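K.L.:
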Amino acid sequence: MNGYGIGAMSAIKAVEVKDLSKTYSSGVQAVDGLNLVVEKNTIYALLGPNGAGKTTTISILTTLASPSAGTAKVNGYDVVEDEKAVRGSIGVTFQEMVLDEALTGRQILMYHGRLYGLSSTECRRRSNELLPLVDLSDSADRKCRSYSGGMKRRLELARALVTVPNVLFLDEPTLGLDPNGRSRIWTYIKDLMQRTDLSVLLTTHYLDEAEQLADRVGIMDRGKLVAEGSPSELIEALGADTVTLRGEGSSRALIQRLRGLDEVQEVTAVDGGVLIGVSSSSRRIAEIVAAAGEVDFTIRDVSVTKPNLGGVFFKQTGHEMKNGENL
Amino acid sequence: MTLAIDSTATIWRKHMRKFLTNGEELFGTMIQPILWVVLFGVGMARTVVSAQTSGTGSYVGFMLPGIVALSAMGGAIGGGMTWLDERVRGILKEYLVAPIPRVSILLGTIGSTVSKAMIQAVVIFAVGALIGAESGGSVLGWITAIILAIGYSIGFSGLALAVASQTDDLMAYHAMIMLLNLPVLFLSNALYPLRSLPSWMRIGAMANPTSYLVDGIRQGVLRGQEGEFPLWLCLVVVGGFAIAGLLLATRAINSMTRRK
Chain A
690 MNGYGIGAMS AIKAVEVKDL SKTYSSGVQA VDGLNLVVEK NTIYALLGPN GAGKTTTISI
750 LTTLASPSAG TAKVNGYDVV EDEKAVRGSI GVTFQEMVLD EALTGRQILM YHGRLYGLSS
810 TECRRRSNEL LPLVDLSDSA DRKCRSYSGG MKRRLELARA LVTVPNVLFL DEPTLGLDPN
870 GRSRIWTYIK DLMQRTDLSV LLTTHYLDEA EQLADRVGIM DRGKLVAEGS PSELIEALGA
930 DTVTLRGEGS SRALIQRLRG LDEVQEVTAV DGGVLIGVSS SSRRIAEIVA AAGEVDFTIR
990 DVSVTKPNLG GVFFKQTGHE MKNGENL
Chain B
16 MTLAIDSTAT IWRKHMRKFL TNGEELFGTM IQPILWVVLF GVGMARTVVS AQTSGTGSYV
76 GFMLPGIVAL SAMGGAIGGG MTWLDERVRG ILKEYLVAPI PRVSILLGTI GSTVSKAMIQ
136 AVVIFAVGAL IGAESGGSVL GWITAIILAI GYSIGFSGLA LAVASQTDDL MAYHAMIMLL
196 NLPVLFLSNA LYPLRSLPSW MRIGAMANPT SYLVDGIRQG VLRGQEGEFP LWLCLVVVGG
256 FAIAGLLLAT RAINSMTRRK
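Line order of the protein sequences matches chains A and B. Taking our numbering, the leading residue of the first sequence gets 690, the next gets one more, and so forth. Taking our numbering, the leading residue of the second sequence gets 16, the next gets one more, and so forth.
1) How far does the alpha helix (DSSP H) with Ala847 of chain A in it extend, from its first residue to its last?
2) Looking at the C-beta of Gly806 of chain A, does it have a partner C-beta in chain B at a distance below 8 Å?
3) Suppose you measure from the CA of Ile166 of chain B to the CA of Tyr877 of chain A; what does that come to, to the nearest Å?
4) Is the CB of Thr23 of chain B under 8 Å away from at least one CB in chain A?
5) What's the call for Arg35 of chain B, buried or exposed, on a 16-neighbour Cβ count within 10 Å?
6) Note down, one range per segment and in chain order, each alpha helix (DSSP H) of at least 4 residues found wholly within the segment 87-169 of chain B.
7) Return the CA-CA distance between Lys29 of chain B and Tyr800 of chain A, expressed in angstroms with no decimal places.
8) Might you give, ordered along the chain, the residues of its own chain that have their beta carbon closer than 7 Å to the beta carbon of Cys833 of chain A, omitting 5 neighbours on each side?
9) For a contact defined as C-beta to C-beta under 7 Å, what are the partners of Asp860 of chain A on chain B?
10) Taking all protein chains shown into account, do 16 or more other C-beta atoms lie within 10 angstroms of the C-beta of Asp910 of chain A, making it buried, or fewer, making it exposed?
11) Using the rule of at least 16 other Cβ atoms within 10 Å of the residue's Cβ for burial, across every protein chain shown, is Glu818 of chain A buried or exposed?
12) Name the chain A residues that come within less than 8 Å of Val138 of chain B, Cβ to Cβ?
13) Nearest to Pro114 of chain B by alpha carbon, out of A:Ile908, A:Leu807, A:Ser919?
14) When the cut-off is 8 Å and only beta carbons count, does Leu111 of chain B lie next to chain A?
15) Determine whether the Cβ of Ile125 of chain B lies closer than 8 Å to any Cβ atom of chain A.
16) Roughly how many angstroms lie between the CA atoms of Ser168 of chain B and Ala132 of chain B, to the nearest whole one?
17) Would you call Asn869 of chain A buried or exposed, if buried means 16 or more other Cβ atoms sit within 10 Å of its Cβ?
18) Alpha carbon to alpha carbon, what distance is there between Val137 of chain B and Leu866 of chain A?
19) Just curious, the beta strand (DSSP E) that Ile908 of chain A is in, first and last residue?
20) Would you give the residue range spanned by the alpha helix (DSSP H) that Ala267 of chain B belongs to?
21) Across which residues does DSSP place Gln718 of chain A in a beta bridge pair?
22) Indicate whether Pro862 of chain A and Thr782 of chain A have their beta-carbon atoms separated by less than 8 Å.
23) Using a 10 Å radius around the Cβ and a threshold of 16 neighbouring Cβ atoms, would you call Leu825 of chain A buried or exposed?
24) Just to confirm, are Val199 of chain B and Thr182 of chain B a CB contact at a threshold of 8 Å?
25) Which partner residues does Gly936 of chain A have in the DSSP bridge list?
26) Between the segment 887-894 of chain A and the segment 732-741 of chain A, can you find at least three pairs of beta-carbon atoms closer than 8 Å?
27) Suppose the cutoff is 6 Å on Cβ atoms and the five residues either side in sequence are ignored; what does the same chain contact list for Asp904 of chain A look like?
28) Under DSSP, the alpha helix (DSSP H) around Ala700 of chain A begins and ends at which residues?
29) Do the segment 933-949 of chain A and the segment 985-999 of chain A meet, that is, are 3 or more Cβ pairs less than 8 Å apart?
30) Scan the segment 741-759 of chain A for residues whose Cβ lies nearer than 8 Å to a Cβ of chain B and list them as they occur along the chain.
31) With a threshold of 8 Å between beta carbons, is Leu723 of chain A in contact with chain B?
32) Does Gly105 of chain B come within less than 8 Å of chain A when only Cβ atoms are used?
33) Identify each residue in the segment 764-775 of chain A for which the Cβ-Cβ distance to at least one residue of chain B is less than 7 Å, and report them in chain order.
34) Under 8 Å, Cβ to Cβ, is there at least one residue of chain A near Ile102 of chain B?
35) Along the segment 800-824 of chain A, what residues have a CB closer than 9 Å to any CB found in chain B?
As structure tokens, then:
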């Protein structure tokens, strides 16, 4: 390649965003000083409530919108100065379905490839390769007007891959799909990651999706990243597990007693029992059960819930931490 | 440069394929002008004495150029619909994230719109010839007529694309374009000679580029039809209309493809 050698080459990030801001002409500030890195061959999930700036971020990275301030690079190419190189190395699926319904699935892949300058032969070869991968071989020559939502999404995924991109941008790739359709899309994405040299930046508001798919998760709120890490890091940082005790007896006495224990952070009464927020729940469970015995609370059911991204998300974007301190 | 040509061709081909494989659109836009020729033309021929039109030709021959204009409009309106549809569906975004120059979106769209308009125009010529418009004229006359038809198609395509950029609503687009449709045909010399019109209508007709297309075709290729304008003026006006249409469409499409 050039004189920089392997070290410099591998330092190129799939996506590198520095102090990125975007204010639309309407005055809405959609992105506000965003910093974000997607390493090569990883999946990064941007989570956030509606209006957090996820789609605007994708729009800037895919050269649809221009940044108001800051820089963004995709594959090492600047999205403003090198927009053509950026476009040539990415695949995109948009939040809404974007399909020419008058065309067949195969035609859509063919025209898309031709648009990127691939030869007809190459387009045909790639289509034949991708259609079975997204389970659309049988319906490839039907107009995609007749496709189900899940089939359309899979076709869009295949279309984004016809041109062999290095970075794939998926804006809400499973929006509007049933659970079965969603898990199939996940399977395809994971499968692809293993076969190809691909990095993925996806946005989603399904927490389980981020947890399942992503190597790294960034939580966005009001145009900024408010938390970032691997799903397990984020969850660990959240701390407390939740122990739910259900049974018969005085909840009030039980709560009084539990508040005296070390490591118990929070106790709240629920219908027929209590919720206990506690770190290292497995080591404390015996103490909790013993404490219940002391106040004559008869336990019928004990369950332990490990924290999940849902908890992180709520904590980061809910009312408590609106200003977005880092974890 | 080659990529610009390739991608323009790809977009053009895609639009044409959709047009030619969409039975309803093809049928709908073709059948209307054919009905005009067959029903209106033949019916009117009985009541309109050729002396009241012009020259010695038949009424079907007299009205045929107007129906060519109408067909070109039909094709252009279809092209505007494609553009509107691609915008609303977000297919435009697929083009915008592709490594193609913006100008090929513009050229591909204008190109396919003009092609549709011209295909329709040619079909109408053929239908007219079948049912008795006497065509004739010199090679030069035919070339002039074809240039006029291309120019008019470009002009009206530009207009349709500009109107289609004004709204996201297919119904609103149709309402706006229909508003143009009637005066374009009736406020011209397409169905009756200029000299038979009251002066206010004549002024309107003289401001309508359709009149010059119609007049030029009559002079160029239809036996027994006389012109009311000099041929050079027809070429100048229709050429000006084409350029104006192109500018309108370019402005409209460019504003849609610019980065936000």
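Ideal Cβ placement from N, Cα and C applies to all residues, glycine included. Bear in mind the structure is a predicted one, so any value in this text is a computation, not a measurement.
P.N.:
According to the data block:
1) 838-851
2) yes
3) As written in the sequence, residue 166 of chain B is Gly, which differs from the Ile given in the question. Approximately 50 Å between the Cα atoms of the pair.
4) no
5) Checking the displayed sequence, the identity of residue 35 of chain B turns out to be Leu instead of Arg. It is exposed - the Cβ of Leu35 of chain B has fewer than 16 other Cβ atoms within 10 Å.
6) If only uninterrupted alpha helix (DSSP H) runs of at least 4 residues are considered, those enclosed by the segment 87-169 of chain B are 106-111, 117-145.
7) Separation of Lys29 of chain B and Tyr800 of chain A (C-alpha to C-alpha, rounded to the nearest whole angstrom) is 7 Å.
8) Leu788, Glu790, Leu792, Thr793, Gly794, Ile797, Lys841, Leu844
9) Per Cβ cutoff of 7 Å: no residues; Asp860 of chain A is ~11 Å from chain B at best.
10) buried
11) Using a 10 angstroms sphere on the CB of Glu818 of chain A, the tally of other CB atoms stays under 16, which defines it as exposed.
12) Ordered by position in chain A, no residue passes the 8 Å Cβ test against Val138 of chain B, which lies about 21 Å from the chain.
13) Minimum Cα distance to Pro114 of chain B is reached at A:Leu807.
14) yes
15) no
16) 6 Å
17) exposed
18) 47 Å
19) 905-910
20) 246-272
21) A:Thr712
22) yes
23) If you draw a 10 Å sphere on the C-beta of Leu825 of chain A, you find 16 or more other C-beta atoms in it, and that means buried.
24) Going by C-beta atoms, Val199 of chain B is not nearer than 8 Å to Thr182 of chain B.
25) A:Ile988
26) yes
27) Thr731, Ile732
28) Run containing Ala700 of chain A: none; DSSP gives neither H nor E here.
29) By the criterion of at least three beta-carbon pairs nearer than 8 Å, the segment 933-949 of chain A is in contact with the segment 985-999 of chain A.
30) Ser748, Thr751, Thr752, Leu753, Ala754, Ser755: these are the residues of the segment 741-759 of chain A whose beta carbon lies less than 8 Å from some beta carbon of chain B, given in chain order.
31) no
32) yes
33) Residues passing the 7 Å Cβ filter: Lys773.
34) Note that residue 102 of chain B is Arg in the sequence shown here, rather than Ile. By this cut-off, Arg102 of chain B is not an interface position.
35) Tyr800, His801, Arg803, Leu804, Tyr805, Gly806
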